[in-house]
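The structure appears below as structure tokens.
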Amino acid sequence: RQPPSHAAEPVGSVLHLPMLAAWLLQMALLPGRASISLSHSRALRGPAAARLGGGLVQMSEGAPQPNPIHRPSVDEMSPAKEEPVSELGAWYKLSGSAYAEESRQYRRTVYMHDEWVKHRSSERFIKNLRTSFRSGVSQALRMELGVVLFISVLCVLVNMCLTGYHDFSGNLHKSPFQASPLVRLIKKIALPVFPFTIAMPALSLLLVFRVNTAYARWNEARTLWGGVVNNCRNVVRQANVFFPENKKSEALKDVLAANTAAFAKALRNFLRGPTDDAAFRSELQELVSAGLMSQGQVDACMAAQNRPVFMLNAVSTALRKADLHPIERSRIDQSVTALLEMTGACERIFKSPVPLVYTRHTSRFLAAFLLCLPFGIWPVMGDSWNHWATIPATTMIAFFLLGIEEIGIQIEEPFSILPLEALCNGAIAATIDELVSAKRDPTAYNFPLKAESDLQLPMGAPSPVQDMSGVVVSTGREQQMLEKPGLLSRLRGGK
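In the numbering used here, the protein residues as written are -14 to 480.
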């Protein structure tokens, strides 16, 4: 008997019943995705094909051109590279995702004294309960909550048709379908509570770890930006101290301060994405109008692949042109190096999410749990009228569980909800301008120094020792050291 030739086997025979069922389900839910898959399968139909280890190898008329045996799973694909979705998928995204993205800009809160008083007010419980259905979490999850609510209502209505129902007077009416053999076989659609009891601890751990990891990312991002604020201030403060007081140094100090403030805004621009490009360019154009930056530098910065590092390089260039002692330049450069390290740490957080397989498995677990939950709660709510307590109980549980998962998703990428504009404009740029202006004000740091005759020393305190110019140089134990034979006379006589 001749062995079967796999080269002559048509591609259509590879589509077994499970694949066909999956395609039909996909066509019913997302017609656009099903048409894409159908067109893709039609494109694979060539003159012949062969099967190797579960993968398809397309055979052309010439040399064999094998397709990859391993096809990436959904968890191995980047969300930004998925195929176009159908009308149902587009409506699903616009139902809550658009609101969730738009609302992120309103979460960039900077707390001062009044905000903290309101935050710890004892009225917070009543206020938060009153605004539950108007909260950002409920608005972002209205599609998911609607689906759970619909399944809960469907569960109650179907079981009323199968098992009978009570009217408003409490009279029991038998099911109109009780004569059907199928109804007598099914009796009711319900699930035991025991599987939910086993699954709930595992789901809770997944959600807790998810939120804790997301909060750790948020906390690290805020800590890094606190370091950015402090080191930007340090760069300008050290420049005020170390730069010589001449026209060239003053001009370089202004350029260094402007580029330091522009660095923070460049880092904000990188973390916010292309939607912040227009605002960032306008901020750089203001520096051009003030004579602190050239138009060529603005164009080069906007064309740079890494704009924060480009601005740090401009700070280092201004520092190199200054007439500074190597030790003083090294101290300022340490602050610049710290800014570069914090930039890299922000890039690490932004470019590396929580592992996608963890996030997606948690979402699948939670979705399956909530979709089956009405059928597990329905038998327990038998004391309520026709088990209708199943609907609010399921919806409330879904709201809190989905809310926990939504909070983890929202704070996982922290830079779009952190108040970076307030940090850049207020904590950094405004403080830098104040430091530079105060240094040039002759009365800002004019400390009054009392003469020796005006000093009021406590009883028994040693009198201060002065140098040749009358400035106090030591007291107490240092005076005893200077009173050694010949030491004070050598200091005063320069010998």
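We put the beta carbon where it would ideally sit given N, CA and C, even for glycine.
Predicted, not measured: the structure shown is a model, and the values here were computed from it.
If we call anything under 7 Å between Cβ atoms a contact, is residue i one with residue j?
i	j	result
L341	V133	no
A429	A423	yes
S88	G121	yes
P229	D308	yes
G212	M381	no
I413	V214	yes
I334	R202	yes
N216	L304	no
S320	N219	yes
L209	A330	yes
A507	N244	Because the chain is modelled from -14 through 480, residue 507 falls outside the range shown and cannot be assessed.
A125	A83	no
T198	V95	no
Comparing C-alpha positions only, which one of the options sits nearest to residue i?
i	options	result
N144	T416, G361, T208 and Y430	G361
A374	N219, P359 and L386	P359
Y200	W363, A125 and E398	E398
P363	S165, P177, S154 and N216	Before going further, note that residue 363 is Trp rather than Pro in the sequence given. The shortest C-alpha separation from W363 is found at P177.
F135	N156, C357 and I111	C357
A383	Q223, M185, E108 and F162	M185
I317	Q223, P427 and K306	Q223
A481	P259, G276, P311 and S274	The chain is shown from -14 up to 480; residue 481 falls before or after that span and cannot be answered.
W370	R119, F432 and G155	G155
L525	A175, F118 and S117	Absent from the model: residue 525. The displayed extent of the chain is -14 to 480, so no value can be given.
A352	L386, Y343 and T322	L386
Got a sec? Which residues, its chain only, sit under 8 Å from residue i by beta carbon, not counting five neighbours each side?
i	result
Q(-13)	Its pLDDT being 48, under 50, Q(-13) is placed unreliably in this model, and the coordinates cannot settle the point.
P421	In the sequence on display, residue 421 carries Val and not Pro. Excluding sequence neighbours, V421 sits near V221, N225, K238, D239 and A242.
A251	F265, C286, R292, P293, F295 and M296
T148	S160, K172 and K173
K336	none
E268	A247 and K250
Name the one or two DSSP bridge partners that residue i has.
i	result
L157	H151
Given residue i, which residues of its chain have a CB within under 6 Å of its CB, disregarding the five upstream and five downstream residues?
i	result
S401	R89
G388	V122
F227	L309 and E313
S20	Unreliable positioning characterises S20 in this predicted model, as indicated by a pLDDT of 44, which lies under 50. A coordinate reading is not provided.
R253	L405 and C409
P166	none
Once you ignore the five residues that flank residue i on each side, which residues in its own chain have a CB closer than 7 Å to its CB?
i	result
L191	T347 and F350
S137	P359, T375, I376, T379 and T380
E235	none
H372	V141, N144, W363 and M366
R92	I402
Y77	Residue confidence is low: Y77 scores 48 on pLDDT, short of 50, so the model does not pin down where it sits. Its coordinate-derived value is still stated next. Once the five neighbours on either side are set aside, the close Cβ partners of Y77 are M128.
Q270	V283
H158	G149, Y150 and D152
K306	L237
Counting only C-beta atoms, is residue i closer than 7 Å to chain D at any point?
i	result
V365	Checking the listed chains, one finds no chain D in this structure; it contains a single protein chain.
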